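In the numbering used here, the protein residues as written are 1173 to 1468.
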């Protein structure tokens, strides 16, 4: 983060892991670049695994015992084993004794992630969010010192919140073990910038991480009109740019701003639905701002 060369200790907990190699070693998933052409070239393909004690054949190649592979004739996709699913198991499901998803030979197929396990916490209007709201307000008022302090406190608060849950796992794996104080201190003191270089982008990026799967992130992005200066590196997926059906619902130059009403409203409440918005029944209704995101 912030080009400081110091990794956020939450990365190990928010990204999935799997076991590879001999001897087995936990390795973290690579990220998928959604602005690349990977989705339009049949990828990424979910990995398969040879859990047998003998080699097998797959699309003209030999797969060693207890090894990962991509079951496809497309050689360009054979490297997709670097991507790990966020899938998790659950205790009791299919006789599983833990929530770690494993192949039949016991190899970890996917560790799950902090927010994707069956017992994942859901945080609503929690302290870290309040800190980032305060940081945003103070920054927009020109109080960079106050904004930085609130921003730093928000990051720390989210790490502390995660560590409470991580401590309950009693698991030494990199995905479930608590973050160490040394890594936390190193990141907070050297990896997040200073009051002198605080930006709105840093505040909103860290808020995005802290809120993860919360819909509030979508609300914030709509508030800032999906600005790439507020959310650096963000852009619509490449797949959208070459998919005509997607551009019918969200014309080029516009963004995903609302969800179209369900068929029950169309079929049984059409008069009120039509009155709610001039484009309520049109395909492009997805791209129109909701009422609270419209300037008066």
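We treat Cβ as the ideally placed atom computed from N, Cα and C, and that holds for glycine.
Keep in mind that this is a model prediction, so the values were computed, not measured.
Sub-9 Å separation of residue i and residue j beta-carbons
i	j	result
residue 1267	residue 1244	no
residue 1381	residue 1182	yes
residue 1430	residue 1461	yes
residue 1399	residue 1423	no
residue 1469	residue 1220	Nothing can be reported for residue 1469: it is not among the residues displayed for the chain, which extend from 1173 to 1468.
residue 1374	residue 1341	no
residue 1173	residue 1364	yes
residue 1216	residue 1273	no
residue 1277	residue 1260	no
residue 1233	residue 1346	no
residue 1303	residue 1326	yes
residue 1295	residue 1383	yes
residue 1428	residue 1287	no
residue 1320	residue 1370	yes
residue 1435	residue 1453	no
Start and end residues, alpha helix (DSSP H) containing residue i
i	result
residue 1375	1372-1383
residue 1389	1388-1395
residue 1309	1299-1312
residue 1358	1353-1362
residue 1453	Element bounds for residue 1453: n/a, residue is neither H nor E.
residue 1334	1316-1338
residue 1438	1435-1440
residue 1419	1416-1421
residue 1413	1410-1413
Nearest-angstrom Cβ-Cβ length linking residue i and residue j, presumed shorter than 8 Å
i	j	result
residue 1258	residue 1188	5 Å
residue 1300	residue 1329	4 Å
residue 1283	residue 1190	7 Å
residue 1409	residue 1198	The Cβ separation is near 29 Å, so there is no contact.
residue 1298	residue 1333	7 Å
Residue i - partner residues in DSSP beta bridges
i	result
residue 1235	1228
residue 1179	Answer is none; residue 1179 lacks a bridge partner.
residue 1222	1239
residue 1274	1280
residue 1191	1198
N- and C-terminal bounds of the beta strand (DSSP E) containing residue i
i	result
residue 1269	Unbroken run through residue 1269: none, as it is neither H nor E.
residue 1199	1197-1200
Proximity winner among the options, relative to residue i (alpha-carbon distances)
i	options	result
residue 1405	1377, 1455, 1411, 1286	1377
residue 1253	1203, 1297, 1343, 1224	1203
residue 1336	1354, 1359, 1293, 1312	1293
residue 1184	1263, 1285, 1280, 1250	1285
residue 1208	1413, 1316, 1251	1413
residue 1263	1420, 1290, 1241, 1279	1290
residue 1193	1178, 1223, 1205	1223
residue 1519	1228, 1242, 1249	Since the first residue shown for the chain is 1173 and the last is 1468, residue 1519 is missing from the structure and cannot be characterised.
residue 1426	1452, 1457, 1441	1457
residue 1397	1445, 1465, 1451, 1440	1465
residue 1175	1362, 1463, 1379	1362
residue 1372	1418, 1338, 1358, 1310	1310
residue 1463	1391, 1418, 1443	1391
residue 1416	1238, 1235, 1177, 1455	1455
residue 1238	1314, 1348, 1269, 1280	1280
residue 1354	1331, 1348, 1343	1331
residue 1178	1439, 1358, 1228	1358
residue 1212	1344, 1411, 1444, 1440	1411
residue 1421	1451, 1402, 1438	1451
Distance cut-off 8 Å: residue i Cβ against heavy atoms of the ligand PLP
i	result
residue 1362	Absence of the ligand PLP is noted for the structure shown, with no ligands found whatsoever.
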